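Residue 151, in this note's numbering, is where the sequence shown stops; the numbers in between run on with no holes. Glycine is no exception: its CB is placed at the ideal position from the N, C-alpha and C atoms. Just so we're clear, the structure is a prediction, and the values are computed from it rather than from any experiment.
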Amino acid sequence: MRALIVTAFVAVLAVAACSPQRDTPSTSPVPTPVPTLYLRPMGEPEFCLLAGLPPPPITFRIDPAALWPEQVTAVDGTGEVHHTFWGIAFTGGTPDDPVVRVHGGVIAVRDGDQVRFPARGQPTINGFDVCSGNNALYILSPRS
């Protein structure tokens with residue numbers, strides 16, 4: 008009789024070991040995706056009509072709390088706000104790191120950066136060409 012009880016017990020253990028495991032909740036945190044600041048895409052091909060820039064100074068504003076798609080804008084010398092369109096090489100930072108980066112992670116624009124107007128040549132923001140037209144600024148990807 009004792010052998011029968013031991014055999015039954017071993018059989019129950021074998022069935023329990025071979026049965027599918029129930030999913031147990033994980034105690035490790037699930038990574039939360041980090042939102043990026045929205046940049047309006049310029050589209051391909053990138054080119055500049057240079058329709059005349061708004062009056063200087065032109066200052067970039069990066070506001071993670073702004074409503075989409077106005078997180079990255081430019082304000083001219085009269086206080087008028089302009090949309091910005093970005094070349095394919097640029098990506099928005101995060102709310103905790105409110106910048107615009109160029110591929111490779113290099114910071115291209117920070118809040119408060121201003122467009123430079125050289126005596127000759129193309130206006131730039133930190134070395135990146137800037138064009139305008141239709142109440143917007145267009146920031147071109149770096150040339151290869």
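| query | result |
| --- | --- |
| Reduced DSSP category for His89 - H, G, I as helix; E, B as strand; rest coil | strand |
| C-beta contact flag for Asp83 and His90 at 8 angstroms | no |
| Rounded C-alpha distance that separates Arg127 from Ile65 | 18 angstroms |
| Minimum C-alpha distance to Leu46 - residue among Arg150, Pro149, Tyr145 | Tyr145 |
| Leu74 classed as buried or exposed, judged by whether at least 16 other C-beta atoms fall within 10 angstroms | exposed |
| Proximity winner among Val109, Asp118, Ala143, relative to Gly59 (alpha-carbon distances) | Ala143 |
| Cutoff 8 angstroms; reference Thr131; Cβ partners in own chain excluding five residues on either side | Val122, Arg123, Pro125, Val137 |
| Coarse secondary structure for Leu144, derived from DSSP in three states | strand |
| Exposure label - Arg150; buried when at least 16 CB within 10 Å | exposed |
| Cβ neighbour criterion (16 or more within 10 Å) applied to Thr80 | buried |
| Segment limits, beta strand (DSSP E) that includes Ile65 | Where Ile65 is concerned, there is no enclosing beta strand (DSSP E), given that its DSSP letter is neither H nor E. |
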